[in-house]
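Numbering (our numbering), first residue to last: 6 to 251.
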């Protein structure tokens with residue numbers, strides 16, 4: 006898979022994110038994608054070929070492997086990274102739609118088009134809603150894949166020996182997993198980084214909520230000040246009107 010292309014797309018979408026979102030992208034690429042590409046794929050590369058069972062029964066070894074490892078750790082993590090990364094494109098599509106709409110409006114009105122202002126808009130209004138939805142999707146996908154991992158593998162420790170009695174095995178056979186300690190270390194690392202990304206997403210939701218509340222409070226204060234000034238001016242005008250009549 007072309008992870009460099011994925012990172013380029015995410016980097017373009019990340020220009021419209023918060024500072025926490027930029028930290029999330031750095032953690033995602035350095036500690037998850039790079040580790041998956043550089044190290045984890047080589048560790049799990051010989052997974053099925055080195056899964057050995059002490060039987061000569063045809064098909065027994067393949068059935069035991071499929072029973073205990075229905076999906077490879079690496080493929081599950083790759084699928085997780087794709088799902089977790091995709092919601093960031095919602096923000097990019099929203100900004101691109103706003104970009105095209107502003108460009109058409111400027112063209113109809115015959116005004117100059119400020120390309121930079123549209124490309125880096127403030128996170129408010131509908132863009133804020135889109136951004137919050139994208140972060141919520143990231144949180145949902147992270148939680149779903151963490152649950153799926155524990156549901157499929159029932160823990161993080163890679164066993165050295167597996168007892169298997171699935172058909173067509175003639176009896177309970179012993180199967181041996183290659184590099185169990187190394188795989189356990191990588192599993193713990195990937196799950197820990199996934200938990201860190203989940204915490205960053207939750208922190209970004211809190212940041213967006215505080216940002217929205219502060220902006221709403223500022224707008225309410227500004228409207229209150231404007232109403233107060235208008236009332237004071239109206240009172241001064243009413244007090245001055247009898248003198249003008251005299």
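Glycine is no exception: its CB is placed at the ideal position from the N, C-alpha and C atoms.
Take residue i as the anchor and find which of the options has the nearest alpha-carbon.
i	options	result
residue 206	87, 86, 143 and 158	143
residue 74	22, 108 and 153	153
residue 151	23, 114 and 203	203
residue 148	113, 184, 109 and 197	197
residue 96	217, 20 and 114	20
residue 185	33, 38, 55 and 39	55
residue 68	155, 210, 167 and 195	167
residue 41	106, 82 and 110	82
How many angstroms separate the CA atom of residue i from the CA atom of residue j?
i	j	result
residue 189	residue 145	25 Å
residue 66	residue 47	22 Å
residue 100	residue 134	12 Å
residue 25	residue 208	8 Å
residue 29	residue 162	27 Å
residue 217	residue 132	12 Å
residue 98	residue 193	35 Å
residue 63	residue 70	13 Å
residue 187	residue 222	53 Å
residue 158	residue 33	23 Å
Note down, in chain order, each residue of its chain lying with its Cβ closer than 7 Å to the Cβ of residue i, except the 5 sequence neighbours on either side.
i	result
residue 3	This structure does not reach residue 3, given that the chain is present from 6 up to 251, and the question cannot be answered.
residue 43	none
Among the residues of its own chain, which have a CB less than 8 Å from the CB of residue i, if the five just before and after it don't count?
i	result
residue 121	Note that residue 121 has pLDDT 46, beneath the 50 cutoff, so the model's placement of it is unreliable and the number below is only indicative. Closer than 8 Å at Cβ, skipping near neighbours: no residue.
residue 77	49 and 52
Under 6 Å Cβ to Cβ from residue i, same chain only, skipping five residues before and after it: list those, please.
i	result
residue 79	45, 46 and 49
Please classify residue i as buried or exposed, where buried requires at least 16 other C-beta atoms within 10 Å of its C-beta.
i	result
residue 174	buried
residue 86	buried
residue 200	exposed
residue 114	exposed
residue 35	exposed
residue 22	buried
residue 176	exposed
(request) Taking 8 Å as the threshold, find out whether the stretch 89–97 comes into contact with the stretch 129–144 through three or more Cβ pairs. (result) yes
(request) Decide if the stretch 171–180 is in contact with the stretch 57–70; the criterion is three or more beta carbon pairs, one per stretch, under 8 Å apart. (result) yes
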